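In my numbering, the protein residues as written are 734 to 913. C-beta atoms are modelled at their ideal positions from N, C-alpha and C, and glycine is treated no differently. Quantities reported herein were computed from a predicted structural model and do not represent experimental measurements. One structure is given below, encoded as structure tokens.
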């Protein structure tokens, strides 16, 4: 499976996959003005504590109390989690994340009236695919999208998580390059 995640803190969402293109420590001065959207952890924790009446900083405990059997399997007991997720093996997924785990993904807010907001990384990937008619590898798509975002003044660093083989595999279902 392939996941393209253009959401805040999406770096590292996939388990058991190698980080092919990862964190960057370079921070360019941004020329764009955009506001990252996030809710402080403390606000979420305070809200969940009010709902559950439990005094703990463990979000998973609050989610289990709030949602019971409908809570994500990720928050069930470690033993059950281990039994359920042991079947996942490396090389079963590809994650193209819009940013590193410690970053936010910017939203574009077009000035033209009537246009909807969209993710900067999603837009960069679409631009890369439009500008390149041949097949591109997952690694090439992420590297080119990084360059597009940098040129647009965004301070986010897309990442790629997958096996070595999938890093060089063709990104999704791209058409064959047409011979001239």
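In the DSSP assignment, the beta strand (DSSP E) including residue 905 goes from what residue to what residue? It is not in any beta strand (DSSP E) - residue 905 carries neither H nor E in the DSSP assignment.
Rounded C-alpha distance that separates residue 780 from residue 801: 17 Å
Can you tell which of 860, 888, 792 and 906 has the C-alpha that lies nearest to the C-alpha of residue 839? 888
Are the beta-carbon atoms belonging to residue 737 and residue 858 less than 8 Å from one another? yes
Quick one: what's got a C-beta closer than 6 Å to residue 875's C-beta in the same chain, skipping five residues either side? 754, 829, 891 and 893
Tell me, please, which residues DSSP counts as bridged to residue 892. 830
Which two residues bound the contiguous alpha helix (DSSP H) that contains residue 794? 792-800
Residue 831 and residue 854 look like a contact to me (Cβ under 8 Å); what is the Cβ gap, rounded to whole Å? 3 Å
Residue interval of the beta strand (DSSP E) (run including residue 736): 735-738
Beta-ladder partner(s) of residue 852, from DSSP: 840
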